[in-house]
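Residue numbers (the working numbering), protein chains in the order written: chain A, 1 to 147; chain B, 1001 to 1147.
See below:
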């Protein structure tokens, strides 16, 4: 019986340590997600909307566009390839991020500006709210699962 | 040094046990979120939209309605009190749920049907996709944080 007590003490100490590490990580993960959104938006500026949404989508990502769910990275890429002009611009930044205690799921929201550019070069600006759910992948990277 | 080894073995055993419990919980938590959406939808049928959204909102919940963010349970309740007719109906069910490994954050999506009923009793039906982010509260209950 006496041997059990230090083992239990050690077990609880490990769990408490584990928990405090988690709390520190949550704060780090939140700023990581804000940075991820910036990286994602910057990539879209440089490489275009279809390439950006392909790079940052999880394989099973889902997007809701005009009340329709588009499921899977391939379908998302096809959707953007066929519905967006090459000159369209999309810029955004997250105002808010929260992350689960386990650091494997999080969500963000903020403002986006979409500039549609027609073949004559006329630009029309649309502003709105974006919202993204992110999931950490097996390789440690964040990819979006819902947008 | 010899004393350290059983302590380390015990620490890793606790962490491995903790992880396998997590994996079992994730499966349970997913069905819990599907049930939460049903409970939420049922409550809205019985008590109306403002009361339902008040009951299931976290204190710092945010909803995006028509491109505007409405922040906080009180503001959400006020929004529904002032924009919805008492006879309007809203029904939904989740097709999908996923939950973080720590079981404190999850998200769902599925179809909703909104029936707007005017003062003359004329009903008009709108169908769409809903999406909710849930967060487990300190008392163990789930509340939505983004809708």
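All residues carry an ideal CB built from backbone N, CA and C; glycine is no exception.
Bear in mind that the values here come from a model prediction, so they are computed numbers and not experimental data.
Asked                                                                                                                         : Found
Listed by chain order, chain A residues near residue 1069 of chain B by CB distance under 8 Å                                 : 109 and 129
Per-residue burial, residue 27 of chain A [other beta carbons within 10 Å of its own, 16 or more giving buried]               : exposed
Burial state of residue 1024 of chain B, where buried means 16 or more other Cβ atoms lie within 10 Å                         : exposed
Neighbouring residues, chain A, relative to residue 1105 of chain B (Cβ below 7 Å)                                            : 100 and 105
Segment contact, 8 Å Cβ cut-off, at least three pairs: the region 48 to 57 of chain A with the region 76 to 96 of chain A     : yes
Limits of the unbroken alpha helix (DSSP H) element including residue 1052 of chain B                                         : 1049 to 1056
Partners in chain A for residue 1133 of chain B, counting only beta-carbon separations shorter than 7 Å                       : 107 and 133
Simplified DSSP state of residue 1093 of chain B, which is helix, strand or coil                                              : strand
Residue-level contact to chain A via CB, residue 1015 of chain B, 8 Å cutoff                                                  : yes
According to DSSP, residues forming a beta bridge with residue 1080 of chain B                                                : Per DSSP, none; premise fails for residue 1080 of chain B.
According to DSSP, residues forming a beta bridge with residue 71 of chain A                                                  : A:62
Beta-bridge pairing of residue 15 of chain A - partner residues as DSSP gives them                                            : Its beta-bridge partners do not exist; DSSP assigns none.
Identity of the residue in A:74, A:57 and A:49 nearest residue 86 of chain A by Cα                                            : A:49
Distance, residue 60 of chain A Cα to residue 1144 of chain B Cα                                                              : 23 Å
Segment contact, 8 Å Cβ cut-off, at least three pairs: the region 103 to 115 of chain A with the region 133 to 142 of chain A : yes
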